[in-house]
Structure formats: structure tokens, C-alpha cells
Amino acid sequence: MKRSWNDFLNTIENEINSLDKKGCDIPFFRGHNDGIWELKPSLFRKGTNVNESNIYFDFVTYSAPLLENKIMTGWDYLFEMRHCGLPTRLLDWTENFAVALYFAIKGNPKNPCIWILDPFEMNHQSCGNSEIYNPAIDFEFTYEGAFVKEQETSFTNPIAIIPIKQSKRLFAQKGVFTLHFENRKSINEIFDNCVKQIFIPKDAIKEAKSFLKLSGINEYTIFPDFDGLSRYILENK
Numbered sequence: 006m007k008r009s010w011n012d013f014l015n016t017i018e019n020e021i022n023s024l025d026k027k028g029c030d031i032p033f034f035r036g037h038n039d040g041i042w043e044l045k046p047s048l049f050r051k052g053t054n055v056n057e058s059n060i061y062f063d064f065v066t067y068s069a070p071l072l073e074n075k076i077m078t079g080w081d082y083l084f085e086m087r088h089c090g091l092p093t094r095l096l097d098w099t100e101n102f103a104v105a106l107y108f109a110i111k112g113n114p115k116n117p118c119i120w121i122l123d124p125f126e127m128n129h130q131s132c133g134n135s136e137i138y139n140p141a142i143d144f145e146f147t148y149e150g151a152f153v154k155e156q157e158t159s160f161t162n163p164i165a166i167i168p169i170k171q172s173k174r175l176f177a178q179k180g181v182f183t184l185h186f187e188n189r190k191s192i193n194e195i196f197d198n199c200v201k202q203i204f205i206p207k208d209a210i211k212e213a214k215s216f217l218k219l220s221g222i223n224e225y226t227i228f229p230d231f232d233g234l235s236r237y238i239l240e241n242k
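Take 6 as the starting number for the sequence shown in this note's numbering and just add one per residue.
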């Protein structure tokens, strides 16, 4: 059992070292309960039939009492919407391998895996710029302008972004995203040489859970609110 876990960790470490040699010092990680799931944002998945503009305006209209007088841009609203479970054009990633591992093996994983993305190379291939974007600083367009009012932008393919981490949940999860534009294909279809999928052996899951416990990663550290605390307490009874 321990050998499978160690082999998995070695594979992860080798991939991170390989990316580091290429100049990627901030790899993105994403954990999937099932390896067949696509790298698509919820808005673009099969069975999702919602109006992006309506969801956005409803969230802006009704969320004010919950935001504690925060000054919010359209991008900030978008990040909050994603972390509240609403369909958006964002795909969640994290800078923290352990956070991705937590989501990969949470509950009853079927065929869990970790995806590792080189965001610098992906952005280079997507738009010719090898830097990771911060929408609040680097974009000349707003979320409302580009996706609600549907004004043209220079982007077609997904790009990697690092948000200003205003919310506790976004900060706790070391959250980063890929932002998806007109191209609705899965990231690994568009940029197959920028992502790698590493499966977690089933006989390594027990060791993986022990690793997370030793690392202090749990429901409350991932979701630092009353709901997360309640689930954490119940899990430990």
C-alpha cells in the first residue's frame, strides 16, 4: 500500500520538477473524483442550460447582505459565484497540491486523479503571452462587458488567471482559475501538451487521507465558514 502512495508522490514530484526546469514555478493543480470528467467549466458542460447574464444579475442583486459591504468588481462577483456553486465560465484550480488531492479523494472516489497544468505555457499558446493574468490589473475589459454585454475581446481560447483573493474560501483553497472564452472544448483537447493527468491508485487512497490529516487539510480548512465547520465536526464524531 505504502509503495503505491510513494510511487504516486514520486510521479507528482517528478512532474513538478520537470515544469520547474521549464520555468513554471506556479503549476496549477485540480483534483477529480473520476478521471473521465472533462476539464470544462460548469457553464459549458452537458446538461447545463442557463443564461449567464441572468445568473450574474441575480447574484449581484441578492448577494449584497452576504458580502459585508465589500467593494466588488464584476470579476470579484464571478469568483464568488463559482465558489458558491453557480455555473460560470471559470474552471477551478489551486496552487496547492494537497487541496487538489483533498477534492480528488473526497467522498467515494471512482477513479481519482490529479491534473497538473503549466499555466505559463498554456497562456503562451493561447494568446502569445507567457504570463499569468490578474483580471483586476491586466485586462482592459470587464466581465460585464465581455460576457454579459458580449463585447469583443482578443481572446478565443482559455487563459490562466490568478485572482485577488478577497474571500476566505478563495484564500484558503489557494484558488486560481482558467477563464474560458468561445472555444468550448476541454483544456486537454486544446492544450494537450500543457496538462498531465496522474491517477491515484485505489490502494493509495488510505495513505493519501493520512497525508491530508497530517497536513491539516480538512473540510473546515478548505471551507472556512459555518457550513465547513459543521461538516468537519460531524465527520469527526
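All residues carry an ideal CB built from backbone N, CA and C; glycine is no exception.
Checklist line | Selection from 118, 83, 60 that minimises the alpha carbon distance to residue 209 | finding: Walking along the sequence shown from the start, residue 209 turns up at place 204. Nearest C-alpha to residue 209: 118.
Notebook entry, point to check: Is the stretch 36 to 46 in contact with the stretch 183 to 194, if contact means three or more CB pairs nearer than 8 Å?
Noted result: Yes: the two stretches touch, three or more of their Cβ pairs being nearer than 8 Å.
Check: Going by Cα to Cα distance, which pick from 168, 129, 73 is closest to residue 95?
Finding: As a first step, residue 95 is located in the sequence shown; it is residue number 90 there, counting from the start. Here the closest residue by C-alpha is 168.
Check: Assuming residue 98 contacts residue 161 under a Cβ cut-off of 8 Å, what Cβ separation, rounded to an integer in Å, is found between them?
Finding: As a position in the sequence shown, residue 98 is number 93, starting the count at 1. As a position in the sequence shown, residue 161 is number 156, starting the count at 1. The Cβ separation is near 20 Å, so there is no contact.
Margin query: My assumption, with CB atoms under 8 Å, is that residue 181 sits in contact with residue 164. Please give the rounded CB distance.
Written below: Here residue 181 is taken as the residue at index 176 of the sequence shown, counted from 1. Here residue 164 is taken as the residue at index 159 of the sequence shown, counted from 1. Between residue 181 and residue 164, the beta carbon gap of about 12 Å keeps them out of contact (Cβ cut-off 8 Å).
Notebook entry, point to check: Buried or exposed: where does residue 70 fall if 16 or more other Cβ atoms within 10 Å of its Cβ makes it buried?
Noted result: Taking the sequence shown and counting its residues from 1, the one referred to as residue 70 is at position 65. With fewer than 16 other Cβ atoms within 10 Å, it is exposed.
Check: Looking at residue 120 and residue 185, is the spacing between their C-beta atoms short of 8 Å?
Finding: Walking along the sequence shown from the start, residue 185 turns up at place 180. Walking along the sequence shown from the start, residue 120 turns up at place 115. Taking 8 Å as the Cβ cut-off, residue 185 and residue 120 do not qualify as a contacting pair.
Item checked: Counted within 10 angstroms of its Cβ, other Cβ atoms place residue 241 as buried (16 or more) or exposed -> One-based indexing of the sequence shown puts residue 241 at position 236. Per the 10 Å Cβ criterion, exposed.
Check: In whole angstroms, what separates the C-alpha of residue 231 from that of residue 156?
Finding: Along the sequence shown, read from residue 1 onward, the residue named residue 231 stands at position 226. Along the sequence shown, read from residue 1 onward, the residue named residue 156 stands at position 151. Between the C-alpha atoms of residue 231 and residue 156 there is a straight-line separation of about 39 Å.
Notebook entry, point to check: Quick one: what's got a C-beta closer than 6 Å to residue 223's C-beta in the same chain, skipping five residues either side?
Noted result: Reading the sequence shown from its first residue, position 218 is the one you call residue 223. Correct list, in chain order: 237.
Margin query: Within the continuous alpha helix (DSSP H) that includes residue 121, where are the two ends?
Written below: For the purposes of this step, residue 121 is taken as the residue at position 116 of the sequence shown. Secondary structure note for residue 121: it is in no alpha helix (DSSP H), and the uninterrupted beta strand (DSSP E) holding it is 118 to 122.
Item checked: Range of the contiguous alpha helix (DSSP H) that encloses residue 185 -> Taking the sequence shown and counting its residues from 1, the one referred to as residue 185 is at position 180. Residue 185 -> no alpha helix (DSSP H), and no H or E assigned at all.
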